[in-house]
Amino acid sequence: MSRRAKAAAPAPPLDWPVAALVALLAAGAFLPALANGFVSWDDDRNFLANPHWRGLGPAELGWMLTTPHLGLWVPLTWATLGLDHLLWGLNPAGYHATSLALHAAAAGVVYLLALHLLATALGAGAREPAVRLGAAVAALAFAVHPLRVESVAWVTERRDVLSGLLYAATLLLYLRALDATGDRRRRLRRATLGAAALALAAKPMAVSLPAVMLILDAYPLGRLARGRAAWPLVREKLALVLLSAAGSAIAFWAMAASGRLSGPSQLGALDRAAISLHALAFYLEKTLLPVGLAPLYELPFRLAPLAPRYLASAAVVAALTALAVLLRRRVPALAAAGIAYVVILLPVVGVAHQGPQLAADRYTYLACLPWALLAGGGLARAWRRLGAPHAARPGALALAAGAGAVLLTLGALTWRQTGTWRDSETLWTRALAASPSAIAHAKLGVLRDDAGRPEAAVAHFRAALALHPDLAYAHNNWGIALARQGKWEEAIAQYRAALGLAPDSVETHLNLAVALERAGRPAEAAEHARAARRLRGAR
């Protein structure tokens, strides 16, 4: 019997209960998220200051389908948030519960996906204990890793858990379609295409699906064996390729329409290469040693692409690439995992850069799934060698205990890291403790000003601008702090500095108009009020 034939055997009844158990264990690691609130890191702009998503009426659905809010077109994600609003109003606990449920479901689907892939790779049946153990470890290594916290515990990143669930479901449907025949196969192929479309509507990171399917065709499915043409496998995925191409075009439109895409004048080719290689090495490092995680790894004001850390990252990536090439026949799983890792990360590693981050934990949600599968597969192989056919042998028990200890450690780190997102004060204090950050200083400045501590606020705004002189947000909020003290001329100077950096800011034009009016300069105030109305009307 072929490896695929064994893997295609009817799913035993135990699969779904084990998947449910994996989901429950995954959810348990994130329970502190239920006490988290909304934070001043896009939650404010997405949910608190934005009324357009609140519900599922024609107006709200129209906005979701047509608006690239903050550089992203994610209508399905907005629809889940609109449903949350109908159920919970603006109570953040309900939103966190939904995100947690979606992540738990993703963990369960990843278990089923891993079960299929590991059975195929090992030439074993899905009932074999080694396969079940490896699949469970793979799913939990994915689900309870601290790098998942940003995606699960931050309401803004609902798109990660939703698209991740749909991404894994798409791959599972694809594998099941390959094992089916006749009408069932056609139905599963249509379901695969539908799930992929939904994944793209949740977040455009799903554009990598056709490429990842081709990687799976090569290994472990063996559909790209030596001497076999690749074109038939590409042709069967043409609908998915076209769907992903459309998703990519929409993603670029959304970023460009929101002005969030870094242009050549901001980041050159060498800069982008440095960011990309750094990200590839950084995510691997944090996968293996998930400590010192931060809500924001800020892009330096002046990027030095030949600095030691970027050169070291390039060396690490080159060395690992060479290792994967050398071992491609002996350990094809390593090459497959590495290629999938790079392919999934390509949209966000720096080639099409947006935002103030050098890297972000959330980008690993899908990208590090191949490493979890690789770990699960390695464990399953070792279990078979040490324990087969008797799982109670000491070596096998020690291996299982070691895997359990690692998973418990990851879960404990995740529990602690989830508290980082409890509230804005905790978030930005921990961000600043992890690494220097102009944005963290500016956000803490706003919190200090809101708490009636203007001197502390100004100290943070000064620190922010020392790190990033081009941070208009810091200038604008420094102006607000000065205006609250009645220091109108000083506030005007800060607002003008902010507009010099971000001339299309409606908020800053309005703030400046108020300050000019209070300073006795009504004509200038009217000019900026008109500018604010004009800019608002153009959006």
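Residue numbers in the sequence shown follow this note's numbering, run continuously in steps of one, and reach 1206 at the last position. The beta carbon of each residue, even a glycine, is placed where N, CA and C say it ideally should be.
So is Asn1143 buried or exposed if we call it buried at 16+ other beta carbons inside 10 Å? What you label residue 1143 is simply residue 476 of the sequence shown in a count that begins at 1. Asn1143 comes out buried.
Do the CB positions of Leu947 and Val1016 come within less than 8 Å of each other? Taking the sequence shown and counting its residues from 1, one reaches residue 947 at position 280. Taking the sequence shown and counting its residues from 1, one reaches residue 1016 at position 349. Contact flag set, yes.
Taking 8 Å as the CB-CB cut-off, is Ala808 touching chain B? Chain labels in this structure do not include chain B; a single protein chain is all it has.
Going by DSSP in three states, Ala1026 sits in which element: helix, strand or coil? As a first step, residue 1026 is located in the sequence shown; it is residue number 359 there, counting from the start. DSSP places Ala1026 in strand when its eight states are reduced to three.
For Ala676, does the count of other Cβ atoms within 10 angstroms reach 16, so buried, or fall short, so exposed? By 1-based counting over the sequence shown, the position of residue 676 is 9. Residue placement at Ala676 is flagged as unreliable, the pLDDT there being 47, under the threshold of 50; the coordinate-derived value follows with that caveat. So Ala676 counts as exposed.
Met668 by DSSP, collapsed to three states: which one? What you label residue 668 is simply residue 1 of the sequence shown in a count that begins at 1. For Met668, the predicted structure reports a pLDDT of 35, less than 50, and the residue's modelled location is therefore unreliable. A value from the coordinates is still provided. Residue state, collapsed to three classes: coil.
Work out the CA separation of Pro1037 and Ala797 for me, nearest whole Å. Along the sequence shown, read from residue 1 onward, the residue named residue 797 stands at position 130. Along the sequence shown, read from residue 1 onward, the residue named residue 1037 stands at position 370. In a straight line, the C-alpha of Ala797 is about 19 Å away from that of Pro1037.
Let me make sure I understand the geometry here. Which of Val1181, Leu1149, Ala1141, Gln1152 has the alpha-carbon closest to that of Gly1167? For the purposes of this step, residue 1167 is identified with residue 500 of the sequence shown, where counting begins at 1. Ranking Val1181, Leu1149, Ala1141, Gln1152 by Cα distance to Gly1167 puts Ala1141 first.
Taking its Cβ as the centre, do 16 or more other Cβ atoms sit within 10 Å of Asn758, making it buried, or is it exposed? As a working note, residue 758 is residue 91 in the sequence shown. Asn758 should be labelled exposed.
List in chain order: all unbroken alpha helix (DSSP H) runs of 4+ residues lying wholly within the stretch 1084-1141. 1091-1101, 1105-1117, 1121-1134
By the three-class DSSP mapping on this structure, what secondary structure does Gln1152 have? Here residue 1152 is taken as the residue at index 485 of the sequence shown, counted from 1. Coil at Gln1152, not helix or strand.
How would you call Trp745, buried or exposed, if buried means at least 16 neighbouring beta carbons within 10 angstroms? Position 78 of the sequence shown, counting from 1, holds the residue named residue 745. Burial call: buried.
Within the same chain, show all residues whose beta-carbon is closer than 8 Å to that of Ala1198, passing over the 5 residues directly before and after it, in chain order. Locating residue 1198 in the sequence shown gives position 531, where the first residue counts as 1. His1176, listed in sequence order.
Assigned exposure category for Ala912 - 16 Cβ within 10 Å defines buried: Mapped onto the sequence shown, residue 912 falls at position 245. Per the 10 Å Cβ criterion, exposed.
Exposed or buried, which one is Trp683 when buried takes at least 16 other CB atoms within 10 Å? Position 16 of the sequence shown, counted from the first residue, corresponds to residue 683. Answer is exposed; the Cβ neighbour count stays below 16.
Could you pull out every residue in the same chain whose Cβ sits closer than 7 Å to the Cβ of Lys953, ignoring the five residues on either side in sequence? Taking the sequence shown and counting its residues from 1, the one referred to as residue 953 is at position 286. Cβ within range, chain order: Leu814, Leu960.
Please look up how many angstroms separate the CB atoms of Asp1171 and Leu1202, rounded, as I've assumed it's under 8 Å. Translated into the one-based positions of the sequence shown, residue 1171 becomes position 504. Translated into the one-based positions of the sequence shown, residue 1202 becomes position 535. Asp1171 to Leu1202, Cβ: 6 Å. Contact.
Within 8 Å, strictly: CB atoms of Gly1209 and Leu769: The requested residue 1209 is not part of the displayed model; the chain covers only 668 to 1206.
Below 7 Å CB to CB, which residues in the same chain sit around Arg843 once its five sequence neighbours on both sides are set aside? For the purposes of this step, residue 843 is taken as the residue at position 176 of the sequence shown. Closer than 7 Å at the Cβ level, and outside the excluded window around Arg843, lie Leu855.
C-alpha distance - Glu817 paired with Val1073, whole-angstrom precision: If you number the sequence shown from 1, residue 817 lands on position 150. If you number the sequence shown from 1, residue 1073 lands on position 406. The alpha-carbon atoms of Glu817 and Val1073 are separated by roughly 20 Å.
List, from N- to C-terminal side, the alpha helix (DSSP H) runs of 4 residues or more that fit wholly inside the stretch 698-735. 725-733
Tell me where the alpha helix (DSSP H) around Tyr1008 begins and ends. By 1-based counting over the sequence shown, the position of residue 1008 is 341. From DSSP, the alpha helix (DSSP H) with Tyr1008 extends over 999-1012.
Give the DSSP bridge partners of Glu965, in chain order. Numbered from its first residue, the sequence shown carries residue 965 at position 298. Its beta-bridge partners are Gln1024.
Specify, as a first and last residue, the run of the alpha helix (DSSP H) that Gly1233 falls within. There is no way to answer for residue 1233, as the model of the chain reaches only from 668 to 1206.
Would you check if the distance between the CB atom of Ala1105 and the CB atom of Trp1095 is smaller than 8 Å? In the sequence shown, counting from the first residue as 1, residue 1105 sits at position 438. In the sequence shown, counting from the first residue as 1, residue 1095 sits at position 428. No, these two residues do not count as a Cβ contact at 8 Å.
Give the straight-line distance between the Cα atoms of Cys1035 and Phe809, rounded to the nearest whole angstrom. As a working note, residue 1035 is residue 368 in the sequence shown. As a working note, residue 809 is residue 142 in the sequence shown. Spanning the two alpha carbons is a distance of roughly 7 Å.
Please name the residue in Leu807, Thr823, Val811 whose C-alpha comes closest to that of Asn717. For the purposes of this step, residue 717 is taken as residue 50 along the sequence shown, with counting starting at 1. For Asn717, the nearest C-alpha among the options comes from Thr823.
Taking the alpha-carbon positions, what's the Ala1118 to Phe949 distance? Here residue 1118 refers to the residue found at position 451 when the sequence shown is read from its first residue. Here residue 949 refers to the residue found at position 282 when the sequence shown is read from its first residue. Those two C-alpha atoms are separated by around 36 Å.
Rounded to whole angstroms, what's the CA-CA distance from Leu963 to Gly790? Just pull it up for me. Here residue 963 refers to the residue found at position 296 when the sequence shown is read from its first residue. Here residue 790 refers to the residue found at position 123 when the sequence shown is read from its first residue. Approximately 43 Å between the Cα atoms of the pair.
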